[in-house]
Amino acid sequence: MFGNLDLSTLQQFWWLLCSVVGALFLFLTFVQGGQSLLWQ
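Residue numbering for the sequence shown follows my numbering, starting at 481 and increasing by one per position.
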């Protein structure tokens, strides 16, 4: 499946995937924290 990708493209895709997952996790944590602060 990754036969036509070189190492740099795969590394850039990996960092993009990690950054998206990290940003989504931080966003969900921030939203849950904001909701808990609002509902206290």
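Glycine included, C-beta positions come from ideal geometry on N, C-alpha and C.
Measuring only the C-alpha atoms, how far is residue i from residue j?
{"i": "Val501", "j": "Ser488", "result": "20 Å"}
{"i": "Phe507", "j": "Leu496", "result": "16 Å"}
{"i": "Thr509", "j": "Gln492", "result": "26 Å"}
{"i": "Gln515", "j": "Ser499", "result": "24 Å"}
{"i": "Leu517", "j": "Val511", "result": "10 Å"}
Give every residue of the same chain whose Cβ lies closer than 7 Å to the Cβ of residue i, excluding the five residues on either side of it in the sequence, and list them in chain order.
{"i": "Leu485", "result": "none"}
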